[in-house]
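Quick mapping for you: the protein sequence lines, in order, are chains A, B and C.
Sequence positions in the first sequence follow the numbering used here and run 156 to 479.
Sequence positions in the second sequence follow the numbering used here and run 440 to 748.
Sequence positions in the third sequence follow the numbering used here and run 2 to 293.
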Amino acid sequence: MSNPILSINQMYTSFHVDGETIPAVEGIDLSLYPGEIVGLVGESGSGKSVTSLSVMQLLEGTPGKVTGGDILFENQNLLEMTDREKRKLRGNDISMIFQEPMTSLNPVIKIGKQLVEAIREHQSISKRGAEKHAVYMLDQVGIPRAEEIMKEYPHQLSGGMRQRVMIAMAMSCDPKLLIADEPTTALDVTIQAQILDVMRNMRDEHHTAILFITHDLGVIAEMCDRVAVMYAGRIVEQGTVYEIFENPKHPYTKGLLGSIPKIGSRAERLDSIKGQVPTAEDRPKGCKFANRCPFVYKHCWEEEPPLFDGENRCWLHEQKGESL
Amino acid sequence: MLKYSIKRILGMIPLLFVISVIAFLFVHLIPGDPARLIAGTDATIEEIKNIREKYGLDEPLYQQYVDYMANLFQGDLGTSIVSARPVMDMLAERFVPTLSLTFASMFWALLFGLLIGVISAVKRNKWQDHLTMFLAVSGVSIPSFWLGLMLIQLFSVQLGWFPTGGIGGIESYILPSLTLGAGVAAIIARFTRSSLMDVLKEDYIRTGRAKGLAEFKVINRHALRNAMIPVVTMSGLQFGFLLSGSIITETIFSWPGLGRLLINSITARDYPVIQAEILLFSLEFLLINLLVDLLYGFLNPKIRYEEGS
Amino acid sequence: MAEANVHMEEQKRVTPFQQFWSSFKKQKVSFAAGAFLLLLFIVAIIGPYIAPYEPNEPDYNQLLSGPSWQHLAGTDDFGRDIFSRILHGARISLAVGLSSVLLGAVVGTVFGVISGYFGKWIDSAIMRVMDVLLAFPGMLLAIGIIAILGPGLVNVVMAVAIFSVPVFARIIRSNTLAIKSTLYVEATQSIGSSHWRTIWKHIFPGTVSTLIVYFTMRIGSAILIAAGLSFLGLGADPSTPEWGAMLSNGRSYLNNAPHVTFFPGLAIFLTVLAFNLLGDGLRDALDPKIRE
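Right, dumping it as structure tokens:
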């Protein structure tokens, strides 16, 4: 395979609230290769959305900050770039779609203008040319009567249509990396499937790498090439979709698989795993999953497991390694 | 939008009725005989009797109201006790000075209010925010009569830049409009700040940033317009407060407007003029509210395009 | 979310007053404003005893003289000591501000509680009247009322009270509605406790913190409007040491003795500013819901 388009190395992100520092992401490693769809899965509070915002450098204006590690995009460290350099990438080489299509478009600006703005921000192209390109993009994401939609306001479109517009906007500058943060969570089942189709087509045609963030393993199975499972600010297991689904190693992943909701279910709570994701303050000292793990033993409480074989963080697998 | 407008305009009718009744009843609310009040303290019994007949004060109340409204529609608001001139003429010649002063004040209020509000929202919790918000609290706390007199003392008496009062060229507008606009500027600043801070939390702002727009463009293109919808509505309503504030400002600056006329009439117990002023001020408020409502509908695409809303 | 719950539980162990106090102390500006007002209240009580001069004692050798060690804020057109008059005026301004807002708050609270608690036609009737009152700016409403009642300080109090009524009625109504819908009121009602008992025991205590915040904020504007009416000659008698009247009196001497207007105006400004700053601080400390 070629060089990774994105590689996150030992990234730490924390939030600074009322003089306290709350860690949200604690040392994750993740790489994406061109044309690859990688799923980032976890319960809410696991740090997956913070990871995406960290990569997009969209934490400004929030109390959050990337405090360690680096984020390499095409071998350039995003954390060392000036604001101007970062803006050149955002919306151009790296773009993002969000969970809430209903509120992610500006309600007082026409669809066309919002698309044209994204295009002209990064390309020297006439207004007429940008409009033409916008219509083409709307066509590509399967929006009927694209020319008319250009002149409409967001509230005149359904949620699914708005998410298509968001995808068209995100893809309009032919990005190398698309970050999709729960893009289908807020949508109906049938619409969900259509949006996933659109995204797959986009990948096939533009060879865009997609970081797909979701809590829904069903969607992962359908969409992704590889998966990283996040828990309490860490990646606890990663591998190809086949490996993870056929032979999950981490007890958390097993728990997730045991509770796969059907596609379209909006449940964020994964009932087969008892308890809740601990808050940053209440995380156990050793393995962060210790308080919910059915296989927990003494060592788990004492020391945090490292990443074994670059794949999973569970002491059970260290033992196996030894016994073999 | 048409439907919306018609609905708003029709909604005014009951209020118009209430206001006309209040204005009509005003003379009757004052303790004492209305005829005596209208005739003035040194009127003879004969004069009072004439007044009673002229104004139909011996007729039943509803008949008086009907007559009052009939006169009103013919543009007859009675005659001033003090100057013996038709009240209509007096109001007409004072309407424009007050209106122009109000607009000049709104210009300052919007200019400073929006500027300060945007700065403090963008620099949230930094020193710029603390400073501008302290200025804004000061703005609503400062007595306009004191501010006005201090401005006169500094810029007219000491520096001689502007006239101390009266209406004339542009220079005569500066001090009165600054005095009148200061409080409203402060209100607009606080409101702009909170409105803009709310909008900056919206998802579409994040979308704008995700497009790679510079923060300046995000605020200018995406945040301001949305933040301005409630601000415009609120600022429009402040016209009412400018009108009432003009009473004090006009007194300080000897401005020949409606506000000073009102105070003079109250002091001189010129009841027909007071009655007409109450009616006029109330109508102005209604009109402002209506215009603001329509403007709100125009600015908000959801209302502009949805039929039957 | 869980983290917020932990905080809530910790805070429950302290009394509500301690909780308010620790949060209020952090707001330095509001705290300073509160201290200033405390001082002002003391001045209002003992002002006449500490004032260096009689407020109405003329000194024809010292007409319109500027500030000096002898007369800290100078003298007015009768040679009266302005500083002493301001000390005396503190009592008038605070009395007018407090009594008018208190009156407005009491009447408004009664209307608000009745409106919110009984609902139906009583509610709509009261609220329509309040809407009409609220549609007019306070100053104009006050002037209209003065036009009917005639000038004078007592009538100013009445006028300012009347325009405060709808503000309190509205807030108390919505608070009453909110509290009414919570379970414990429904529970007491089903036990069969009387309306007034329910209102007094359950609804009123629940609205107190909101009441305090608005009360403080309204006093500032009440003082401002009362002084404005006196300035226009519709309020206090021109000879009384009321701040607005003093200021109005100084207008004629703006050219040669600006201190006659400056100091009374400064007193009004600082007092109103202090009430507004205190109100902001109290709001943030007492009512986190309306915090920005």
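Ideal placement from N, C-alpha and C gives every residue a C-beta, glycine not left out.
Keep in mind the model is a prediction, meaning the values are calculated, not measured.
As DSSP reads the structure, B/PRO602 sits in no beta bridge.
Within the model, the alpha-carbon separation for A/ASP371 versus A/ARG358 is close to 20 Å. Counting the other CB atoms within 10 Å of its CB gives A/LYS404 a total of 16 or more, which places it among the buried residues. Taken residue by residue, none of the segment 656-673 of chain B has a beta-carbon sitting less than 8 Å from a beta-carbon on chain C.
In the three-state scheme derived from DSSP, where H, G and I count as helix and E and B as strand, A/VAL196 is classed as strand. Secondary structure at C/ALA52: coil, using DSSP grouped into helix, strand and coil. Under the DSSP assignment, B/SER721 falls in the alpha helix (DSSP H) whose first and last residues are 710-738.
Out of A/GLY297, A/TYR308, A/LEU213 and A/SER201, the CA that lies nearest to the CA of B/ARG645 is found in A/LEU213. By the neighbour-count criterion, in which a residue is buried when 16 or more other Cβ atoms sit within 10 angstroms of its Cβ, B/VAL526 is buried. In terms of beta-carbon proximity, B/VAL561 stays away from the interface with chain C, with every pair separated by 7 Å or more. Annotation for B/PHE594: TRP600, PHE601 and LEU614 place their beta carbon closer than 7 Å to its own, counting only its chain and skipping 5 residues before and after. With a threshold of 7 Å between beta carbons, C/THR177 makes no contact with chain B. Inter-residue distance for A/LEU234 and A/GLU401 is about 37 Å (C-alpha atoms, whole angstroms). Annotated as distal: A/LYS243 and A/ILE368, with beta-carbon spacing of 7 Å or more. Taking CB atoms only, C/ALA74 has no neighbour in chain B less than 7 Å away. A Cβ-Cβ distance of about 7 Å is found for the pair B/ALA560 and B/THR631, placing them in contact under the 8 Å criterion. Around the Cβ of A/VAL344, a 10 Å sphere holds fewer than 16 other Cβ atoms; the residue is exposed. A distance below 7 Å between beta-carbons, with the five flanking residues on each side excluded, links C/VAL44 to the following residues of its chain, in chain order: LEU88 and ALA91. The C-beta distance from A/ILE183 to A/MET211 rounds to 15 Å, too long to fall under 8 Å, and the pair is not in contact. In this structure C/VAL168 is in contact with C/TYR215, their Cβ atoms being roughly 7 Å apart against a cut-off of 8 Å.
Against B/SER683, the close residues of chain C are PRO138, MET140 and LEU141, in the order they occur along the chain (beta-carbon pairs closer than 7 Å). At a Cβ-Cβ threshold of 7 Å, C/SER165 and C/ARG219 count as neighbours.
The beta-carbon of B/TYR612 is placed no less than 7 Å from the nearest beta-carbon of chain A.
Taking 7 Å as the threshold, the shortest C-beta distance from A/VAL384 to chain B does not fall below it. Here B/SER693 is exposed, its C-beta having fewer than 16 other C-beta atoms within 10 Å. If you draw a straight line from the Cα of B/ASN659 to the Cα of A/TYR308, it comes to about 19 Å. Looking at B/SER580, B/GLN502, B/THR603 and B/LEU738, the one whose alpha-carbon comes closest to that of B/ALA666 is B/LEU738.
A contact is defined here as three or more CB-CB pairs under 8 Å, and the segment 552-570 of chain B fails this definition with respect to the segment 239-257 of chain C. Scanning its chain for C-beta atoms nearer than 7 Å, with the 5 sequence neighbours on each side dropped, one finds around B/ASP506 the residues GLY495, in chain order. By the neighbour-count definition (other C-beta atoms within 10 Å, threshold 16), A/PRO299 is an exposed residue. When secondary structure is reduced to three states using DSSP, A/PHE444 falls in the coil class, being assigned neither helix nor strand.
Contact between B/ARG533 and B/LEU700 holds, with the beta-carbon distance rounding to 5 Å and staying under 8 Å. In this structure, DSSP gives A/THR340 a state outside helix and strand, which the three-state scheme calls coil.
When DSSP states are grouped into helix, strand and coil, B/THR483 belongs to the coil group. Listed along chain B, no residue sits closer than 9 Å to A/MET305 by beta-carbon distance, the nearest being about 15 Å off.
Each residue's CA atom was taken as its position, placing C/LEU154 and C/GLY221 some 17 Å apart.
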